[in-house]
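Chemist:
There are 2 protein chains.
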Amino acid sequence: MNKTPSPNVAARGPVDHEVRDQIVAAATEHFRLYGYEKTTVSDLAKAIGFSKAYIYKFFESKQAIGEMICSNCLQQIQTEVRAAIDEVDSPPEKLRRMLKALLEACLRLFFQDRKLYEIAASAASGRWPATLVYEGFIEQTLREILLLGRHSGDFERKTPLDETTRAIHLIMRPYFNPLLLQYGLDTTDEAPALLSSLILRSLSP
Amino acid sequence: MNKTPSPNVAARGPVDHEVRDQIVAAATEHFRLYGYEKTTVSDLAKAIGFSKAYIYKFFESKQAIGEMICSNCLQQIQTEVRAAIDEVDSPPEKLRRMLKALLEACLRLFFQDRKLYEIAASAASGRWPATLVYEGFIEQTLREILLLGRHSGDFERKTPLDETTRAIHLIMRPYFNPLLLQYGLDTTDEAPALLSSLILRSLSP
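Going down the list, the sequences are from chains A and B.
The first sequence: position 128 = 128 (the UniProt record's numbering), numbered continuously.
The second sequence: position 135 = 135 (the UniProt record's numbering), numbered continuously.
(1) Tell whether a beta-carbon distance below 9 Å holds between T165 (chain A) and L148 (chain A).
(2) Taking the continuous alpha helix (DSSP H) assigned at Q140 (chain B), which residues delimit it?
(3) Between R97 (chain A) and chain B, is any beta-carbon pair separated by less than 9 Å?
(4) At a Cβ cut of 8 Å, what residues of the segment 158–180 of chain B count as close to chain A, listed as they run along the chain?
(5) Are the C-beta of T131 (chain A) and some C-beta of chain B separated by less than 9 Å?
(6) Within 9 Å of any Cβ in chain A, is that where the Cβ of Y134 (chain B) sits?
(7) Just list the alpha helix (DSSP H) runs in the segment 65–123 of chain A, keeping only unbroken ones of 4 residues or longer that don't cross its boundaries, in chain order.
(8) Starting from the Cα of Q112 (chain B), find the closest Cα among B:R32, B:S196, B:M98, B:F59 and give me that residue.
(9) Would you say residue 211 (chain A) lies against chain B (beta-carbon separation less than 9 Å)?
(10) Any contact of the segment 108–124 of chain A with the segment 51–68 of chain A, i.e. 3+ C-beta pairs under 8 Å?
(11) Checking contacts by CB at 9 Å: is R201 (chain A) closer than that to chain B?
(12) Can you look up P7 (chain B) in the DSSP assignment and give me helix, strand or coil?
(13) Classify M1 (chain B) as helix, strand or coil using the three-state DSSP reduction.
(14) Do T141 (chain B) and L74 (chain B) have their C-beta atoms within less than 9 Å of each other?
(15) Classify F155 (chain B) as helix, strand or coil using the three-state DSSP reduction.
(16) Mind checking whether L44 (chain A) and A26 (chain A) have CB atoms under 9 Å apart?
(17) Does DSSP put K38 (chain A) in a helix, a strand or coil?
(18) Identify which residue in A:M172, A:L180, A:Q182, A:N177 has its Cα closest to the Cα of P192 (chain A).
(19) Are Y175 (chain B) and C106 (chain B) close, meaning C-beta to C-beta below 9 Å?
(20) When you compare the segment 40–59 of chain A with the segment 83–98 of chain A, are there three or more beta-carbon pairs, one atom per stretch, that lie closer than 8 Å?
(21) Starting from the beta carbon of S197 (chain B), find every residue of chain A whose beta carbon is closer than 9 Å, and list them in chain order.
(22) On a CA-only basis, which of A:R97, A:Q22, A:A47 is nearest Y34 (chain A)? Give me that one, please.
(23) Please determine, among A:W128, A:E163, A:L200, the residue with the shortest C-alpha to C-alpha distance to F155 (chain A).
(24) Can you pull the chain B neighbours of L194 (chain A), defined as C-beta to C-beta under 7 Å?
(25) Measure the alpha-carbon distance for V81 (chain B) versus R143 (chain B) and round it to whole angstroms.
(26) Taking D191 (chain A) as the query, report the chain B residues whose CB atoms sit under 9 Å from its CB, ordered along the chain.
(27) Does chain B have any CB closer than 9 Å to the CB of T141 (chain A)?
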């Protein structure tokens with residue numbers, strides 16, 4: 001019974017999330033070409049062929065659209081990192097994969113597409129909610145790998161888990177935060193292997 | 001015989017390095033108040049009371065003055081870090097002191113004096129010679145501490161010294177490079193202790 005859509009909803013034409021997705025897709029394309037900072041909601045409306053008022057029905061501001069785009073990007077990074085980790089069984093290897101995949105995904109998303117970098121940078125400096133979710137994912141994934149390794153005997157168990165997690169998070173930060181990564185592009189070749197090895201030495205039982 | 005100054009030199013009034021120091025001191029004060037990027041050599045000349053031509057006799061450009069100021073700042077950091085390390089004997093403690101003193105000196109120099117931060121940022125992004133000297137100092141100091149610790153038996157000796165030095169350098173980088181440090185100001189309370197402890201665990205024999 002309660003699954004039947006009300007006549008009102010059925011009469012609304014395309015459902016909300018479809019329109020939202022359409023706006024986000026068009027905005028992503030537009031920002032990619034013309035940049036995020038310089039584009040206004042009016043520019044966007046003109047380019048997409050919707051009225052400004054119609055866009056405001058779905059997003060309260062340009063930042064709200066930027067947040068959705070950013071959230072999609074960060075979600076993609078999370079999916080790739082998760083896949084890279086799941087490909088291997090040993091906890092030390094999972095940790096190596098995590099840093100490598102994280103860095104590769106960030107480099108591709110933030111720097112090959114220089115215009116999208118602007119959104120990521122705004123997100124990171126403004127502490128948008130998507131950024132907090134992303135940081136939470138990194139913290140949580142690290143914690144899981146550490147727990148697995150402590151259980152398997154690959155990693156030491158004396159240091160409090162919170163301390164180890166946080167310290168490794170800090171070491172990885174320059175490679176997953178776009179604001180820091182922009183100033184470390186000359187270190188990205190050597191960093192993943194060097195840092196993973198040092199971290200793994202610090203975890204040895 | 002060859003120590004007697006020639007009459008020509010004696011007639012020149014204040015020796016060159018005194019005038020250079022005078023210009024640098026006045027420029028430091030001026031940049032501190034009005035910023036580095038916006039100030040021209042003409043502004044500087046007016047403020048100091050020298051002619052522009054006279055300043056150009058001693059420095060070929062504004063950047064040359066900026067480099068001297070920057071070099072003085074970085075020299076001060078190096079002196080402080082060296083003193084902090086020399087206060088203790090144990091290599092692990094020297095390593096802790098190094099990261100802590102480096103961060104404290106950078107925070108004070110680059111961020112309490114926000115206008116001087118601009119010079120440091122230009123130096124770091126332009127890879128000015130003073131920056132290379134500073135990075136060389138960090139690499140060299142790390143290497144010395146690691147060698148001491150390998151000799152005393154505090155640190156393991158299996159990992160190639162170059163690899164360990166470089167990896168620790170990368171971990172410390174966000175805390176001594178002003179461009180990175182500006183985006184990590186919320187981590188500076190916890191970072192030195194957490195990172196030093198992790199690094200020391202990685203060095204245990």
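Quick reminder that beta carbons are idealized off the backbone N, C-alpha and C, glycines included.
None of these values were measured; they are calculated from a predicted model.
Modeler: Concretely, from the data shown:
(1) For the 9 Å CB-CB criterion, T165 (chain A) and L148 (chain A) do not form a contact.
(2) 129–152
(3) no
(4) T159, E163, T164, R166, A167, I168, L170, I171, R173, P174, N177, L179, L180
(5) So, not an interface residue.
(6) no
(7) As far as the segment 65–123 of chain A is concerned, its whole alpha helix (DSSP H) runs of at least 4 residues are 91–106.
(8) The residue with the shortest Cα to Cα distance from Q112 (chain B) is B:R32.
(9) Since the first and last residues shown for chain A are 1 and 205, residue 211 (chain A) lies out of range.
(10) yes
(11) yes
(12) Because the pLDDT at P7 (chain B) is just 42, under 50, the model does not fix this residue reliably, and the value given afterwards should be weighed accordingly. Helix, per DSSP.
(13) Caution is warranted here: a pLDDT of 38 is assigned to M1 (chain B), below 50, making its placement in the model unreliable, and the coordinate value is therefore given only provisionally. In this structure, M1 (chain B) counts as coil in the three-state DSSP scheme.
(14) no
(15) coil
(16) yes
(17) coil
(18) A:M172
(19) yes
(20) no
(21) T159, E163, A167, S202
(22) The residue with the shortest Cα to Cα distance from Y34 (chain A) is A:A47.
(23) A:L200
(24) E163, R166, A167, L170
(25) If you take the alpha carbons of V81 (chain B) and R143 (chain B), they lie about 14 Å apart.
(26) Sequence inspection shows Ala at residue 191 (chain A); the Asp mentioned does not correspond to that position. In chain order: A167, L170.
(27) no
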